[in-house]
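A.B. asks: Heads up: the sequence shown begins at 686 in the working numbering, then just goes up one per residue.
Glycine included, each C-beta is placed from N, C-alpha and C at the ideal position.
This structure is a prediction, so every number in the text was calculated from the model and none was measured.
This is the structure I have questions about; it appears just below.
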Amino acid sequence: MLVTDNPREAVAVPEGWRAIGGVTTEPGCAIFPGDQAVVLVKNDAWEEKTFPHEEAGITLHRVSPKGYDPSLLQTADVWIMNAHRRVRQLYPLGLLPTQKQDHYIIVVTGRAGDGDTKETRLFPNPGPFMTPLYRNFDVPRSLATFMHTTSHLFNKRRPRPETQPDEYGLTKDEYLEIVASWSDLVMHDNPKWVDNRVRFLYKVHLLLTDGDNTTVPDFEPLNQLKNYKEPFQIPVTDENLPFAVSEYIHYDLCPLVMVGLDGLLEKEGRQTDVMHILQDVHRGMYKGLLDALRHKISKEDYDTFYSWLRGNRIPFDMIDKGLAYLDKRGDAYRNWVKPSDWP
686 MLVTDNPREA VAVPEGWRAI GGVTTEPGCA IFPGDQAVVL VKNDAWEEKT FPHEEAGITL
746 HRVSPKGYDP SLLQTADVWI MNAHRRVRQL YPLGLLPTQK QDHYIIVVTG RAGDGDTKET
806 RLFPNPGPFM TPLYRNFDVP RSLATFMHTT SHLFNKRRPR PETQPDEYGL TKDEYLEIVA
866 SWSDLVMHDN PKWVDNRVRF LYKVHLLLTD GDNTTVPDFE PLNQLKNYKE PFQIPVTDEN
926 LPFAVSEYIH YDLCPLVMVG LDGLLEKEGR QTDVMHILQD VHRGMYKGLL DALRHKISKE
986 DYDTFYSWLR GNRIPFDMID KGLAYLDKRG DAYRNWVKPS DWP
């Protein structure tokens, strides 16, 4: 197996090898889109299984080393089909006809270690035609990261105008992370893990909104924030901020504000929910999430939500109400079936 950064030009594919997620331009050559990693595998050492992704109208290919543990591959196959089906519910318009190319999921778990740290992780940079499965299958966070990356297939890597809203107060890039980070929670297989995960994220949020520079999470990379403490806000306004800031914003604050939003909607009397709001945004009915909320909730609650984006502490009762709603709606999100009138 060969993995390298994309040179943004044609790559030679040796005889007996094949390009994963690449486009053959001429015999023995392939190109890879955008920032997607170059991945080449030997034909006699890797095998492939295909799945029809009926909800999106594309074919998925699972590529894995020959001799891989069959039980782990069975888990991988379930993850692949569930993640792609569930994520599709966020995007009512689906993919454009020009975007309906095959997608490859390459199983690299164990190739460099358990995948739980950067040192034991082989992570070919994903792109429009390839996503890696790279973390241990028995770790619930692994499925969440795969859901997250799968959401980006629809909103970042094969975007249409409706799925990339860019509005004042919430940039396109931060919006995409909000959607992906929320989806990796609400569509997860394990409701208990989701509850524990949100409560853990909230404890981190409390530490980083207490106004005390001496209290930071005691784990990498967020303990680096002892040198930079609040306000942490969406969108990020300074590109020179430490990596730990974007790590916190994308993987902690982004999902928390959306769980809190479901709590706000519960407080208002529940005329809608986060899922339906995002679906309406992706239908092109609104300029973006903030525009949708200005139409759907009171000004007082809109100002409250906006303050969370700007780094203010989210009250736990809003998180608790949001979690209760997710627990109630979880089966519907996990068992979603595409409506007959969706493209």
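1) For PRO846, name the three-state secondary structure that DSSP assigns.
2) Cα separation between THR989 and VAL748?
3) Once you ignore the five residues that flank ASN875 on each side, which residues in its own chain have a CB closer than 7 Å to its CB?
4) Between the Cα of HIS746 and those of GLY707, ASP869, PRO902, ASP823, spot the shortest distance and give me the residue it belongs to.
5) Using the C-alpha atoms, what's the distance from VAL871 back to ASP897?
6) Beta-carbon within less than 6 Å of LEU861's beta-carbon, same chain only, minus the 5 sequence neighbours each way: which residues are those?
7) Quick one: complete alpha helix (DSSP H) runs, 4+ long, within the region 827–878?
8) Please confirm whether GLY1015 and GLY948 have their CB atoms less than 8 Å apart.
9) Quick one: grab the DSSP three-state call for LEU949.
10) I need the straight-line Cα distance from MET943 to PRO1028, nearest angstrom please.
11) Ignore the nearest five residues each way along the sequence and tell me which others in TYR987's own chain have a CB closer than 7 Å to its CB.
12) Using C-beta distances below 8 Å, list every residue in its chain close to GLY719, excluding the 5 sequence neighbours before and after it, in chain order.
13) How about VAL1051 and TRP867: are their beta carbons less than 8 Å apart?
14) For ARG1019, does the three-state DSSP call read helix, strand or coil?
15) State the DSSP-derived secondary structure class of LYS888, mapped to helix, strand or coil.
16) Quick one: Cα of THR894 to Cα of PHE1001, how far?
17) With distances taken from CA atoms, which of SER827, GLY795, ILE791, ARG995 is nearest ASN810?
18) Whose C-beta lies closer than 8 Å to the C-beta of GLY973 among residues of the same chain, with five residues either side of it excluded?
19) Measure from the alpha carbon of VAL698 to the alpha carbon of each residue in LEU725, PHE717, MET686, VAL688, then state which is nearest.
20) In terms of residue numbering, what span does the alpha helix (DSSP H) encompassing TYR987 cover?
21) Rounded to whole angstroms, how far is the Cβ of TYR1010 from the Cβ of GLU924, which I believe are closer than 8 Å?
22) Which term fits PRO750, buried or exposed, when burial requires 16 or more other beta carbons within 10 angstroms of its beta carbon?
23) Which two residues bound the contiguous alpha helix (DSSP H) that contains LEU975?
24) Let me check understanding here. Comparing Cα to Cα, which of GLU694, VAL696, TRP702 lies closest to MET686?
25) With DSSP run on the structure shown, which of helix, strand or coil describes SER931?
26) What does DSSP give as the partner residue(s) for PRO750 in the beta ladder?
27) So for PHE736, helix, strand or coil by DSSP?
28) Express the C-alpha separation of THR899 and ILE765 in angstroms, rounding to a whole number.
29) Residues in the same chain with beta-carbon distance under 8 Å from GLN918, minus the five sequence neighbours each way, listed in chain order, please.
30) With respect to the alpha helix (DSSP H) encompassing THR689, which residues constitute its N-terminal and C-terminal limits?
31) Rounded to whole angstroms, what's the CA-CA distance from ILE716 to ALA704? Just pull it up for me.
32) For the alpha helix (DSSP H) containing MET766, list its first residue and its last residue.
33) Is ARG882 helix, strand or coil by DSSP?
34) Compute the Euclidean distance between the alpha carbons of MET970 and HIS961, then round it to the nearest angstrom.
35) With respect to the alpha helix (DSSP H) encompassing LEU963, which residues constitute its N-terminal and C-terminal limits?
36) With the cut-off set at 8 Å, would you say LEU941 and ILE863 are in Cβ contact?
C.D. replies: Let me spell this out:
1) If DSSP states are grouped into helix, strand and coil, PRO846 belongs with the helices.
2) Straight-line Cα distance between these residues: approximately 46 Å.
3) Result list for ASN875: PRO825, in chain order.
4) When GLY707, ASP869, PRO902, ASP823 are compared, the shortest CA-CA separation from HIS746 is found for GLY707.
5) Linking ASP897 to VAL871 through their CA atoms gives a straight-line distance of about 32 Å.
6) The residues are ASN840, LYS841.
7) As far as the region 827–878 is concerned, its whole alpha helix (DSSP H) runs of at least 4 residues are 857–871.
8) In this structure, GLY1015 lies away from GLY948, with their beta-carbon atoms at least 8 Å apart.
9) Helix at LEU949.
10) Approximately 27 Å, taken between the alpha carbons.
11) Closer than 7 Å at the Cβ level, and outside the excluded window around TYR987, lie LEU978, ARG979.
12) Contacts found: ASN691, GLY812, PRO813, ARG842.
13) No answer is possible for residue 1051: the residues shown for the chain start at 686 and end at 1028.
14) In the structure shown, ARG1019 sits in a helix (DSSP, three-state: H, G or I).
15) Residue state, collapsed to three classes: helix.
16) Between THR894 and PHE1001, the alpha-carbon positions lie close to 13 Å from each other.
17) Taking only the C-alpha atoms, the option nearest ASN810 is ILE791.
18) Take GLY973, set aside five residues on each side of it, and the residues of its chain with a beta-carbon closer than 8 Å to its own are PRO850, ASP851, GLU852, LEU855, TYR860, VAL966, in chain order.
19) Across the set LEU725, PHE717, MET686, VAL688, the C-alpha of LEU725 shows the shortest separation from the C-alpha of VAL698.
20) According to the DSSP assignment, TYR987 belongs to the alpha helix (DSSP H) that extends over 984–994.
21) Contact flag wrong, Cβ pair sits at about 35 Å.
22) Its Cβ being crowded by 16 or more others within 10 Å, PRO750 is buried.
23) DSSP places LEU975 in the uninterrupted alpha helix (DSSP H) bounded by 974–981.
24) Its Cα nearest to that of MET686, the residue TRP702 stands out among GLU694, VAL696, TRP702.
25) Of the three classes helix, strand and coil, the one that applies to SER931 here is helix, per DSSP.
26) Looking at the DSSP assignment, PRO750 forms a beta bridge with TRP731.
27) Three-state result, PHE736: strand.
28) Cα-Cα distance, rounded: 42 Å.
29) The residues are ILE934, LEU994, ARG995, GLY996.
30) Residue range 687–689 is occupied by the beta strand (DSSP E) that includes THR689, with no alpha helix (DSSP H) assigned at that position.
31) Cα to Cα, the separation comes out at about 9 Å.
32) Per DSSP, MET766 belongs to the alpha helix (DSSP H) from 755–773.
33) Helix, per DSSP.
34) Taking the straight line joining both Cα atoms gives about 12 Å.
35) Element bounds for LEU963: 959–967.
36) ILE863 sits away from LEU941, with the two beta carbons spaced by 8 Å or more.
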